[in-house]
Amino acid sequence: MRGITTMSNGTVHACDGAGVSEITATSSLDEAAAGLGTEMVRFTRLIAAWKQRVKHDAGAADRVLLARLVCGGDQRATDLAADAFLDLSTVSRQVRSLVERGLVARRPDPEDRRGSLLTATEAGRARFEDYRRQRDAELAGILEAWSPQDRADLIRLMSRLNKDFAERQHVRPGPDGDQGATVEQGEIRR
1 MRGITTMSNG TVHACDGAGV SEITATSSLD EAAAGLGTEM VRFTRLIAAW KQRVKHDAGA
61 ADRVLLARLV CGGDQRATDL AADAFLDLST VSRQVRSLVE RGLVARRPDP EDRRGSLLTA
121 TEAGRARFED YRRQRDAELA GILEAWSPQD RADLIRLMSR LNKDFAERQH VRPGPDGDQG
181 ATVEQGEIRR
């Protein structure tokens, strides 16, 4: 079982089952990768726990789709599903609810009149901004005790990690750069 412990002096220890090794600026690439891998797993688990907590919130499904429409612009439901990494049937149900509540509108697709484009309404944009403010307030609470330099370093390095990870996985950042990624054309998704 792996674990990471951050020491008060900023060094990080990775537990690889055979003992704890200190991760510092002089650690090998393999040690750094192991430490990062452990932290990514931990972060992913924390995000999953947070998602479980907000899953009971009726707005959880709205957040993802509204974010994609507000930040990425008008889209067909099939493109929205791919952009959000969701199943089309799930997106169709959620979009129907968003339309009924006036958060999303449908209009004919000018390139293919048989289809329709989805767009966030003003009410949808306002709801998205409410969600963004809630998220930012929660993150501000977490970062409050961090130094301004640590906050800037985290954002810079997280951005770099996201960019490099997306390139390695052959995905391109979404139009907003911070709301997910879009699969490259022709890529097989599972």
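Under full-length UniProt numbering, think of the first position of the sequence shown as 1, with each following residue one higher. Built from N, CA and C at the ideal position, the CB exists for glycine as well. Model, not experiment: these values are computed from the prediction.
So which of the options has the shortest CA-CA distance to residue i?
i, options, result
"residue 198", "T78, A84, A61", "Nothing in the structure corresponds to residue 198, since the chain is present only between 1 and 190."
How about residue i and residue j: are their beta carbons less than 8 Å apart?
i, j, result
"G124", "L98", "yes"
"V104", "A126", "no"
"R107", "L117", "yes"
"L86", "A77", "no"
"L143", "R156", "no"
Per DSSP, which residues does residue i bridge with? Please list them.
i, result
"Q75", "L118"
"R133", "The partner list for R133 (beta bridge, DSSP) is empty, contrary to what the question assumes."
"P108", "S116"
With a threshold of 6 Å on Cβ separation, who are the neighbours of residue i within its own chain once the five nearest residues in sequence on each side are excluded?
i, result
"R63", "Y131"
"L139", "none"
"R113", "none"
If I measure Cβ to Cβ from residue i and keep anything under 7 Å in the same chain, skipping five residues before and after, which residues do I get?
i, result
"D74", "L117, L118, T119"
"Q94", "A61, L65"
So, for residue i: in the same chain, excluding its five sequence neighbours on each side, which residues have a beta-carbon less than 8 Å away from its beta-carbon?
i, result
"K51", "A60"
"D109", "R76, G115, S116, L117"
Would you say residue i lies against chain E (beta-carbon separation less than 8 Å)?
i, result
"R156", "Going by chain labels, chain E is absent from the structure shown, which holds only one protein chain."
Three-pair Cβ contact test at 8 Å for the segment 120-139 versus the segment 63-81 | yes
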